[in-house]
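Data block below; observations after.
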Amino acid sequence: MIVLDNVNKYYGDYHALVGITERVEKNDVLVVCGPSGSGKSTLIRTLNRLEAIDGGRIVIDGRDIHAKGVDVNALRAGIGFVFQQFNLFPHLTALENCMLAPVRLKRASKGEAREQAMALLDQVGLAHKADAYPNALSGGQQQRVAIARALAMRPAIMLFDEPTSALDPEMVGEVLQVMRALVRQGMTMVCVTHEMGFARDVADRIWFMAEGAILEKATPGEFFANPQHPRAIQFLADRNRH
Amino acid sequence: MLELIDTYWLYFLVGQYPEGPLGGLALTILLSGAALVLAMPLGLMLGIARVSTHRAIGLPVGALVQLVRAVPLLLVLFWVYFFLPAVTGIKTSQTATMLIVLVVFDSVYLAEIVAAGIRALPKGQLESARSLGLGYGQALRHVVLPQTLRHGLPSIVNQLVSTIKATSLGYIIGLSEVSFVASQINTLVFTQAVEVYLILALTYFVLCFGLSRLAFLLERRLQRRPVAAT
Numbered sequence: 001m002i003v004l005d006n007v008n009k010y011y012g013d014y015h016a017l018v019g020i021t022e023r024v025e026k027n028d029v030l031v032v033c034g035p036s037g038s039g040k041s042t043l044i045r046t047l048n049r050l051e052a053i054d055g056g057r058i059v060i061d062g063r064d065i066h067a068k069g070v071d072v073n074a075l076r077a078g079i080g081f082v083f084q085q086f087n088l089f090p091h092l093t094a095l096e097n098c099m100l101a102p103v104r105l106k107r108a109s110k111g112e113a114r115e116q117a118m119a120l121l122d123q124v125g126l127a128h129k130a131d132a133y134p135n136a137l138s139g140g141q142q143q144r145v146a147i148a149r150a151l152a153m154r155p156a157i158m159l160f161d162e163p164t165s166a167l168d169p170e171m172v173g174e175v176l177q178v179m180r181a182l183v184r185q186g187m188t189m190v191c192v193t194h195e196m197g198f199a200r201d202v203a204d205r206i207w208f209m210a211e212g213a214i215l216e217k218a219t220p221g222e223f224f225a226n227p228q229h230p231r232a233i234q235f236l237a238d239r240n241r242h
Numbered sequence: 001m002l003e004l005i006d007t008y009w010l011y012f013l014v015g016q017y018p019e020g021p022l023g024g025l026a027l028t029i030l031l032s033g034a035a036l037v038l039a040m041p042l043g044l045m046l047g048i049a050r051v052s053t054h055r056a057i058g059l060p061v062g063a064l065v066q067l068v069r070a071v072p073l074l075l076v077l078f079w080v081y082f083f084l085p086a087v088t089g090i091k092t093s094q095t096a097t098m099l100i101v102l103v104v105f106d107s108v109y110l111a112e113i114v115a116a117g118i119r120a121l122p123k124g125q126l127e128s129a130r131s132l133g134l135g136y137g138q139a140l141r142h143v144v145l146p147q148t149l150r151h152g153l154p155s156i157v158n159q160l161v162s163t164i165k166a167t168s169l170g171y172i173i174g175l176s177e178v179s180f181v182a183s184q185i186n187t188l189v190f191t192q193a194v195e196v197y198l199i200l201a202l203t204y205f206v207l208c209f210g211l212s213r214l215a216f217l218l219e220r221r222l223q224r225r226p227v228a229a230t
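Chains as they are written, first to last, in our numbering: chain A, 1 to 242; chain B, 1 to 230.
Structural data, given as structure tokens:
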């Protein structure tokens, strides 16, 4: 479904993504992990063109998404993106956050969008907070609304960029629970995360990145039991020590 | 003082109207209002252009902003009134001259308020709007500007208050706004300068202070709908 073909990106002289060639199948859950500064976020942000690439191709559903003439808005409308910092619209209620894009992009009438938004908020366990503004919600609740907002466009793919990294520890669980429910529905997902428990339980594939390159790709079973690359071994050892 | 008010109140309020052109306090208010109504959409457009990543758009607007900010309003008033007709051959009335100058100044200052507000908003707001599939224009209109304008409301009101006060510079080119009318009254009465200019000062104060209060109340109402922490 997603094919990366020798993707390269530079920030000036810095080689941020080094010749990434991989694929993600439909209905797969891919977890990308690695130390900070390894290019995980840059990589996931190239998948909906929040970041441009300097070489190679990214093909989603047979389309080269970084090619000239691609309708970037239509592309993004089909790909949900969840940010580390939630980025809810603070001047809109939880419900309005979930209605804005479907209504403005004419995917639904106001009534339909409202109904769908309520259903999605219910799905993330926040129907009772529909009329609350983001600043009245906890971090975990905000992130769940952000997931509902992304789902409101009925995306075929969901991208998560460290969705629990900005949360207090006691709120991580509620967000992961929502993500696990999505996995059960068969959503194609790419998650950049440090939640190794989540990776172990639900990932189909794990990519380990460092210095802009994928150093190891494996199933969770292989990765946690028998990591191959010295950097991956080191990374997992550091994780276990905490 | 009561006699003064009793004799000249109508002249103070509307100038020579209906015998002559509208003037006095009415002209001051009309000019300020018209200037802001015209400058608001212009300022919005210039402000959006100012933060454009296309240098061909951003740079000329930036240059215009720097130029206008670095020149006194009075000087531009002279230019438009004396220099422009010499070049174009069309004589502009005092009212039109003042309106042009006010609109130019207001739109540039409003553009800076809008641009600063857009820059101050966390980058994630635009990114998350765009990642939902909204175009740049839609993201600006529905996500960025509602927050920017709310943040900028105090500055916008400040600008309107400045506009009201700036109309008094029309005095220099003989525009019969309220300051000009007051000085005419002073010439006629001759012995009550303190009273005349006290009334004038009070008039400006009531106008500007009232506006600030109004904006304050509006701001408090809007505060129920919060904006992103910066």
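Even for Gly, the Cβ is constructed at its ideal location relative to N, Cα and C.
Keep in mind the model is a prediction, meaning the values are calculated, not measured.
Could you tell me whether the Cβ atoms of residue i and residue j are closer together than 8 Å?
i, j, result
"Gly-80/A", "Pro-155/A", "yes"
"Phe-86/A", "Ala-146/A", "yes"
"Gly-125/A", "Leu-167/A", "no"
"Glu-219/B", "Leu-153/B", "yes"
"Val-7/A", "Arg-23/A", "no"
"Val-192/A", "Glu-216/A", "no"
"Val-101/B", "Leu-145/B", "no"
"Pro-134/A", "Pro-90/A", "yes"
"Val-31/A", "Ala-203/A", "yes"
"Glu-195/A", "Leu-176/A", "yes"
"Leu-4/B", "Val-189/B", "yes"
From the DSSP output, which residues share a beta bridge with residue i?
i, result
"Asn-8/A", "Gly-55/A"
"Leu-17/A", "Lys-9/A"
"Thr-188/A", "Ile-157/A"
"Arg-200/A", "Looking at the DSSP assignment, Arg-200/A forms no beta bridge with any residue, so it has no partner."
"Val-82/A", "Phe-160/A"
"Lys-217/A", "Trp-207/A"
"Gly-24/B", "Glu-177/B"
"Gly-15/B", "Leu-22/B"
"His-33/A", "The sequence given here places Cys at residue 33/A; His does not occur at that position. Its beta-bridge partners are Phe-208/A."
With distances taken Cα to Cα, identify the nearest neighbour of residue i among the options.
i, options, result
"Leu-46/B", "Ser-107/B, Gln-159/B, Ala-215/B", "Ser-107/B"
"Leu-88/A", "Tyr-8/B, Leu-42/B, Ser-131/B, Arg-221/B", "Ser-131/B"
"Met-99/A", "Pro-220/A, Glu-170/A, Ala-150/A, Ala-136/A", "Ala-150/A"
"Met-1/B", "Gln-223/B, Phe-190/B, Glu-195/B", "Glu-195/B"
"Leu-232/B", "Thr-163/B, Thr-187/B, Pro-85/B, Val-157/B", "Residue 232/B is absent from the structure shown; chain B starts at 1 and stops at 230."
"Ala-115/B", "Thr-53/B, Val-14/B, Gly-210/B, Gln-16/B", "Thr-53/B"
"Leu-207/B", "Thr-187/B, Val-178/B, Thr-191/B, Ser-183/B", "Val-178/B"
"Thr-148/B", "Leu-222/B, Leu-200/B, Ala-34/B", "Leu-222/B"
"Ala-127/A", "His-66/A, Gly-111/A, Val-172/A, Arg-144/A", "Arg-144/A"
"Val-178/A", "Ile-206/A, Leu-120/A, Ala-130/A", "Leu-120/A"
"Ile-44/A", "Ala-67/A, Gln-142/A, Ile-20/A", "Ile-20/A"
"Phe-78/B", "Gly-23/B, Thr-92/B, Pro-60/B", "Thr-92/B"
"Cys-33/A", "Gly-62/A, Arg-200/A, Glu-115/A", "Arg-200/A"
"Leu-99/B", "Pro-85/B, Val-80/B, Ala-86/B", "Val-80/B"
"Arg-119/B", "Val-76/B, Leu-202/B, Ala-49/B, Phe-190/B", "Ala-49/B"
"Met-197/A", "Ala-108/A, Ala-210/A, Leu-236/A, Asp-5/A", "The sequence shown places Gly at residue 197/A, not Met. Checking every option, the nearest Cα to that of Gly-197/A belongs to Leu-236/A."
"Lys-26/A", "Arg-205/A, Asn-226/A, Glu-211/A, Arg-231/A", "Arg-205/A"
"Glu-96/A", "Val-143/B, Phe-209/B, Tyr-204/B, Ser-32/B", "Val-143/B"
"Lys-165/B", "Phe-209/B, Val-71/B, Leu-38/B", "Phe-209/B"
"Ala-132/A", "Ala-232/A, Arg-107/A, Thr-93/A, Ile-157/A", "Thr-93/A"
"Phe-160/A", "Asp-64/A, Val-190/A, Asp-122/A", "Val-190/A"
"Pro-169/A", "Met-187/A, Arg-184/A, Arg-180/A, Ser-138/A", "Ser-138/A"
"Met-171/A", "Leu-47/A, Gln-228/A, Gln-142/A, Ala-16/A", "Gln-142/A"
"Leu-42/B", "Ala-111/B, Thr-88/B, Ala-193/B, Val-65/B", "Ala-111/B"
"Met-40/B", "Ser-155/B, Ala-193/B, Tyr-204/B, Thr-167/B", "Ser-155/B"
"Tyr-109/B", "Gly-117/B, Val-65/B, Ser-168/B", "Val-65/B"
"Leu-105/A", "Tyr-136/B, Gly-20/B, Ile-173/B, Val-51/B", "Tyr-136/B"
Indicate the three-state DSSP secondary structure (helix, strand or coil) for residue i in the structure shown.
i, result
"Thr-230/B", "Residue placement at Thr-230/B is poorly supported in this model, since its pLDDT is 44, which falls under 50; the coordinates still yield a value, given next. It is coil, neither helix nor strand."
"Glu-195/A", "coil"
"Phe-208/A", "strand"
"Ile-60/A", "strand"
"Arg-49/A", "coil"
"Arg-220/B", "helix"
"Glu-22/A", "strand"
"Ile-65/A", "coil"
"Val-51/B", "coil"
"Ile-2/A", "strand"
"Ala-70/B", "coil"
"Thr-92/B", "coil"
Pull up the CB-CB distance for residue i and residue j, whole angstroms please, since I reckon it's below 8 Å.
i, j, result
"Ser-128/B", "Phe-224/A", "With 8 Å as the limit, Ser-128/B and Phe-224/A do not qualify as a contact, their Cβ atoms being about 33 Å apart."
"Ile-60/A", "Met-1/A", "7 Å"
"Ala-213/A", "Val-18/A", "4 Å"
"Ala-26/B", "Leu-13/B", "6 Å"
How about residue i: is its Cβ closer than 7 Å to a heavy atom in the ligand ADP?
i, result
"Gly-80/A", "This structure simply doesn't include the ligand ADP, nor any ligand for that matter."
Name the chain E residues that come within less than 8 Å of residue i, Cβ to Cβ?
i, result
"Ser-107/B", "Reference to chain E is not applicable here, since the protein chains of this structure are A and B."
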